[in-house]
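Numbering-wise (my numbering), the sequence shown opens with residue 7 and increments by one. Yeah, the Cβ is synthetic: ideal placement off N, Cα and C, and Gly gets one too. Just so you know, these numbers come straight off a predicted model, no measurement behind them.
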Amino acid sequence: MKIVLVKGISQYGSMRNYIDQWEHYCRKMGHVTYVYDAMTDRLLEHLESVFVEMQPDLVLSCNAIYAESIEGILPEGCRYCTVLYDNPVVHLERLSCLGDRSIVFSCDRFYAEFIQEHYPEIHKVGFLPLSGNCTKHQVPYRQRGISLLFTGTYFDLNQHYAAIKQLPETMQIMAENVMDIMLQEPDMLLWQALDQTLSDNDVDMQPNVRMQILSILRCVDIFVRAYVRDQVMLHIVDAGIPVHIYGNGWERFRCSQPKNLILHQGDGEVSLQALANTKISLNVMPWFRGGIQERNVAAMLSGAVSLTDSSRYIEQHFTDDVDIKLYSLKQLDQIPLLIQALLENDDTAAEIAMRGQQKALAGHTWEHRVADMLQQITEEP
């Protein structure tokens, strides 16, 4: 197959890295590839000229870049395939532009089901979990110098709550209700919480209006994720446990023991090197309830214990206390105890880390993901 891979913009360059991984393994599998960088060449006409010259069979992208016009310039017999790494309500407009020449994957099975239900005109919708990266040089577990590591951005709660307070009064009340439901029941997805709110208030809403409301309520999804991340971190640092952090914005984080927040500078490669010297890697799911987060897999591949809240996918593929360590968003006060127990028993923690690494290497690398993606693409819907 001849494949054009399109790179866009992403925080920390994560999705640009995904494209690099896909390209490497597509070539390894014998496909002809070309990487088009939309950051350096934004003109769609230039991409079209690549299509004319190469006549690709497939175009791969992340987060539906060029979705608004891509189908109109695809060569005959070529399909556009994109993988969404956000809640689909972020991409409703782009998704509405795609049709029978497009394939859409989501990193969360429940997100994929939502897309399939609401966009039947798309040729195929599938589920493709995230993977992660690691460095080759890894410190033996018992010799690792970082006890607890978190990689990710700090989201300012006041800023994101302000977005909710700026909504019209009726919409603000609805947003507050949806937010409360999601915080009380962490397995609840945005549209499920909205549907419960509508049902509780005996409101009947047309499907197109519901989709418009979901688009507006993106601010709730962002706030809930920010709030939970904030609460997890507060419970840990205020319990006296130091956390090493790679990520933007954490200088604004407020807690009673800021000395336990150890901030580092560096890009994704630097944080991967730190991960290879880490015993426990902390993760807070970005409300993936049917998928896995990149940090989980990167931690396991790096030989660290992946400490995380759970999901249906994680429960199906991993086992708590065997190859992963799980905490509950309903029992945040237990997280410091879980961390302390791991740090006090290197033998137990090292076993979990080792089995997690074996499990990740056996079935959760980018090579596995690319093979799965290409197989689903070639299968009939």
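Legend entry - Residue burial classification, Asp6 (beta-carbon count within 10 angstroms, cutoff 16): There is no way to answer for residue 6, as the model of the chain reaches only from 7 to 387.
Inset, instruction - With Asn289 as the anchor, note down where its beta strand (DSSP E) starts and where it stops. - result: Thr284 to Asn289
Inset, instruction - Just tell me which of Gln346, Ile121, Lys365 and Asn183 has its CA closest to the CA of Asn207. - result: Asn183
Inset, instruction - Identify whether Tyr24 lies in helix, strand or coil by the three-state DSSP scheme. - result: helix
Inset, instruction - Below 8 Å CB to CB, which residues in the same chain sit around Ala356 once its five sequence neighbours on both sides are set aside? - result: Tyr147 and Arg148
Inset, instruction - Tell me whether the beta-carbon of Leu307 lies closer than 8 Å to the beta-carbon of Gln363. - result: yes
Legend entry - Separation of Met60 from Ser316, as counted between CA atoms: 43 Å
Legend entry - Ser308 - DSSP class collapsed to helix/strand/coil: coil
Inset, instruction - Could you spell out where the beta strand (DSSP E) holding Asp43 opens and where it closes? - result: Val38 to Asp43
Inset, instruction - Measure the C-alpha to C-alpha separation of Val38 and Arg85 and round it to an integer number of angstroms. - result: 15 Å
Legend entry - Those residues which DSSP pairs with Cys84 across a bridge: None, per the DSSP bridge assignment.
Legend entry - Phe156, DSSP secondary structure in three states: strand
Legend entry - Asn214 classed as buried or exposed, judged by whether at least 16 other C-beta atoms fall within 10 angstroms: exposed
Legend entry - Collapsed DSSP secondary structure at Phe161 in the structure displayed: coil
Inset, instruction - Could you say which of Met188, Ile25 and Ser137 lies nearest to Ile15 if we only look at CA atoms? - result: Ile25
Legend entry - Option nearest Ser153 by Cα separation, candidates Ser205, Leu101, Ser287 and Gly36: Ser287
Legend entry - Those runs of the alpha helix (DSSP H) which lie wholly inside the segment 316-361 and span at least 4 residues: 318-323 and 341-350
Legend entry - Short Cβ contact (8 Å threshold) for His124 with Ile109: no
Legend entry - Nearest-angstrom Cα separation, counted from Gln322 out to Asp353: 25 Å
Legend entry - For Leu278, the first and last residue of its enclosing alpha helix (DSSP H): Gly274 to Leu281
Legend entry - Distance between Thr159 and Trp256 (C-alpha atoms, nearest Å): 7 Å
Inset, instruction - Tell me where the alpha helix (DSSP H) around Tyr117 begins and ends. - result: Arg115 to His124
Legend entry - Which residues DSSP lists as bridging Leu267, in chain order: Val249
Legend entry - Phe57, enclosing alpha helix (DSSP H) - first and last residue: Leu50 to Met60
Legend entry - Contact set for Gly105: own chain, Cβ-Cβ below 8 Å, skip 5 residues either direction: Glu77, Glu127, Ile128 and His129
Legend entry - Stretch-stretch touch, CB-based, cutoff 8 Å, three pairs: the segment 181-196 with the segment 221-229: yes
Inset, instruction - Would you kindly report the start and end of the unbroken alpha helix (DSSP H) that includes Phe229? - result: Arg224 to Val243
Legend entry - Chain-order list of residues whose beta-carbon lies under 7 Å from that of Ala44 (same chain, five-residue window excluded): Val12, Lys13, Gly14 and Ile71
Legend entry - Close beta carbons around Trp197, own chain, < 7 Å, minus the five adjacent residues each side: Phe120 and Leu220
Inset, instruction - Tell me, to the nearest whole angstrom, how far the beta carbon of Asp329 is from that of Arg361; I am working on the premise that it is less than 8 Å. - result: 4 Å
Inset, instruction - Locate the beta strand (DSSP E) running through Val376, then write down its first and last residues. - result: Not the beta strand (DSSP E): Val376 falls in the alpha helix (DSSP H), residues Trp372 to Thr384.
Inset, instruction - Report back the beta-carbon spacing between Ile268 and Pro248 to the nearest angstrom; my notes put them in contact at under 8 Å. - result: 6 Å
Legend entry - Range covered by the alpha helix (DSSP H) that runs through Leu200: Leu196 to Asp206
Inset, instruction - Could you have a look at Cys261 and say whether DSSP puts it in helix, strand or coil? - result: coil
Legend entry - Boundaries of the alpha helix (DSSP H) in which Ile71 is found, first to last residue: Where Ile71 is concerned, there is no enclosing alpha helix (DSSP H), given that its DSSP letter is neither H nor E.
Legend entry - Nearest residue (CA-CA) to Arg295, options Pro135, Val58 and Val131: Pro135
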